[in-house]
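If you want this note's numbering, it's the position in the sequence shown, counting the first as 1, plus 133.
Notes to accompany the following structure.
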Amino acid sequence: MSNAKKIAWITGASSGIGRALALKMAHKGYHVVASARRLEALEELAAEAAALSGAITPMAVDTTLPEQVNQTVSRIETEIGSIDVAVFCAGTYEKLLAHEVTLARARPVYELNLMGTLACFEAVLPGMRARKQGRIAMVASLAGYFGLPTSAIYGASKAAIINMAEALQPELKLQGITLQIVNPGFVKTPLTAKNDFPMPFLMEVEDAADAFLEGLESDRFEITFPRRFSLILRLLQTLPYGLALWLTGKTVPKEAKTI
Ligand SMILES: NC(=O)c1ccc[n+]([C@@H]2O[C@H](COP(=O)([O-])OP(=O)(O)OC[C@H]3O[C@@H](n4cnc5c(N)ncnc54)[C@H](OP(=O)(O)O)[C@@H]3O)[C@@H](O)[C@H]2O)c1
Numbered sequence: 134m135s136n137a138k139k140i141a142w143i144t145g146a147s148s149g150i151g152r153a154l155a156l157k158m159a160h161k162g163y164h165v166v167a168s169a170r171r172l173e174a175l176e177e178l179a180a181e182a183a184a185l186s187g188a189i190t191p192m193a194v195d196t197t198l199p200e201q202v203n204q205t206v207s208r209i210e211t212e213i214g215s216i217d218v219a220v221f222c223a224g225t226y227e228k229l230l231a232h233e234v235t236l237a238r239a240r241p242v243y244e245l246n247l248m249g250t251l252a253c254f255e256a257v258l259p260g261m262r263a264r265k266q267g268r269i270a271m272v273a274s275l276a277g278y279f280g281l282p283t284s285a286i287y288g289a290s291k292a293a294i295i296n297m298a299e300a301l302q303p304e305l306k307l308q309g310i311t312l313q314i315v316n317p318g319f320v321k322t323p324l325t326a327k328n329d330f331p332m333p334f335l336m337e338v339e340d341a342a343d344a345f346l347e348g349l350e351s352d353r354f355e356i357t358f359p360r361r362f363s364l365i366l367r368l369l370q371t372l373p374y375g376l377a378l379w380l381t382g383k384t385v386p387k388e389a390k391t392i
């Protein structure tokens, strides 16, 4: 099928990686349904895509509300058509020191990053199973490879998504559905703008979206960028804990020692 006929649903499309990906896909001829909570931002995005060969249709949704997610998927399938590609990009990040790692701080992050991703998965799966085709990309993070200081809650939410995708991929493949995991490193977006620490291999969002789309059009299970940072963190996973934790210990913020 040519891209011009493909329908893509992207969550987290009002800013950052999801927004840049939506524009790249519309440029290539996809009809993108862009979702996030802020309808105004989605409408601006749709207007920006007006001259492109594809299209962007805004549909606001809060992915932490399964009822809204189900309604959005039904709306897409009835008003636009069957979803060929679903990209679950909505997510949040908070830098937290150990004493800030509490249930109260964890719940909203897991509600969005993990449960929100699950709600979207549950909503698109029946249609894809019935059609015996479709592609789902779940956005996790390189922070999900190995626990990194100040990322306990965020990293665990992303590690859970990676593990879930690994578990589901072989079964879905038998049903004609392609499941991919997306593990970005640091990308310049509103999410990382608040970071006050050095971000190695920081990428421009345009480059990240190019790598994302190239991966979405491939058969690779994992889409990861930038490549070098991904390899370094993969290597960390293979080291004995003593050495790996000594290395990650070097990144503990100074204030952690004085609190
Ligand atoms: N930037 C990085 O360095 C980096 C690295 C690794 C992984 N990632 C992952 O990549 C994804 C996108 O990150 P980003 O950097 O592009 O962040 P971003 O610019 O902050 O974008 C986050 C998106 O999620 C949406 N969102 C937040 N809460 C939502 C909710 N309850 N329901 C629906 N949408 C919601 C936001 O829109 P609204 O506020 O309008 O709802 C926004 O569109 C995230 O999953 C993040 O964890 C990013």
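Glycine is no exception: its CB is placed at the ideal position from the N, C-alpha and C atoms.
Just so you know, these numbers come straight off a predicted model, no measurement behind them.
(request) Rank Val338, Gly249, Val315 by C-alpha distance to the C-alpha of Ala326 and give the top, closest one. (result) Locating residue 326 in the sequence shown gives position 193, counting from the first residue. When C-alpha distances from Ala326 are compared across Val338, Gly249, Val315, the shortest belongs to Val338.
(request) Put Ile213 into one of helix, strand or coil per three-state DSSP. (result) Stepping through the sequence shown from its first residue, residue 213 is reached at position 80. Coil at Ile213, not helix or strand.
(request) Would you tell me roughly how many angstroms separate the C-alpha atoms of Val385 and Leu301, rounded to the nearest one? (result) The count along the sequence shown starts at 1 and reaches residue 385 at position 252. The count along the sequence shown starts at 1 and reaches residue 301 at position 168. Cα to Cα, the separation comes out at about 34 Å.
(message) By the DSSP assignment, the alpha helix (DSSP H) with Val242 in it spans what residues?
(response) Here residue 242 refers to the residue found at position 109 when the sequence shown is read from its first residue. For Val242, the enclosing alpha helix (DSSP H) begins and ends at 236–243.
(message) Taking the straight line between their C-alpha atoms, what separation do you get for Cys222 and Met271?
(response) For the purposes of this step, residue 222 is taken as residue 89 along the sequence shown, with counting starting at 1. For the purposes of this step, residue 271 is taken as residue 138 along the sequence shown, with counting starting at 1. Cα to Cα, Cys222 sits roughly 7 Å from Met271.
(request) Rounded to whole angstroms, what's the CA-CA distance from Val257 to Ala219? Just pull it up for me. (result) As a working note, residue 257 is residue 124 in the sequence shown. As a working note, residue 219 is residue 86 in the sequence shown. If you take the alpha carbons of Val257 and Ala219, they lie about 8 Å apart.
(message) Rounding to the nearest angstrom, what Cα-Cα distance links Arg367 and Leu236 in this structure?
(response) For the purposes of this step, residue 367 is taken as the residue at position 234 of the sequence shown. For the purposes of this step, residue 236 is taken as the residue at position 103 of the sequence shown. The straight-line gap from Cα to Cα measures roughly 29 Å.
(request) Output the boundary residues of the alpha helix (DSSP H) element that contains Asn296. (result) Within the sequence shown, the letter at position 163 stands for residue 296. Element bounds for Asn296: 285–307.
(message) Report the CB separation of Ala159 from Val165 in whole angstroms; it is logged as a contact under 8 Å.
(response) On the sequence shown, residue 159 is found 26 positions in, with the first residue counted as 1. On the sequence shown, residue 165 is found 32 positions in, with the first residue counted as 1. Correct: roughly 5 Å between the Cβ atoms.
(request) Please indicate yes or no: does the CB of Pro317 lie closer than 6 Å to some heavy atom of ligand 1? (result) Within the sequence shown, numbered from 1, the residue matching residue 317 stands at position 184. The answer is yes for Pro317.
(message) One question on the structure: do Ile189 and Ala167 come within less than 7 Å of each other, judged by their Cβ atoms?
(response) If you number the sequence shown from 1, residue 189 lands on position 56. If you number the sequence shown from 1, residue 167 lands on position 34. Cβ atoms of Ile189 and Ala167: closer than 7 Å.
(message) For ligand 1, I want to know if Arg367 counts as a neighbour, meaning its beta carbon is within less than 6 Å of at least one of the ligand's heavy atoms.
(response) For the purposes of this step, residue 367 is taken as residue 234 along the sequence shown, with counting starting at 1. Judged by the Cβ position, Arg367 fails to qualify as a neighbour of ligand 1 at the 6 Å threshold, every heavy atom of the ligand being at least this far.
(request) Can you tell me which of the three DSSP states Thr322 falls into? (result) Indexing the sequence shown from 1 puts residue 322 at position 189. In this structure, Thr322 counts as coil in the three-state DSSP scheme.
(request) Decide if Met134 is buried, meaning its Cβ has at least 16 other Cβ atoms within 10 Å, or exposed. (result) Along the sequence shown, read from residue 1 onward, the residue named residue 134 stands at position 1. With a pLDDT of 49 at Met134, under the threshold of 50, the modelled position of this residue cannot be trusted, and the question is left open.
(message) I'd like to check one pair, Gln308 with Arg262: are the Cβ atoms closer than 7 Å?
(response) What you label residue 262 is simply residue 129 of the sequence shown in a count that begins at 1. What you label residue 308 is simply residue 175 of the sequence shown in a count that begins at 1. Cβ distance < 7 Å, so Arg262 and Gln308 count as in contact.
(request) Rounded to whole angstroms, what's the CA-CA distance from Thr196 to Arg170? Just pull it up for me. (result) For this step, residue 196 is matched to residue 63 along the sequence shown. For this step, residue 170 is matched to residue 37 along the sequence shown. Between Thr196 and Arg170, the C-alpha separation is close to 8 Å.
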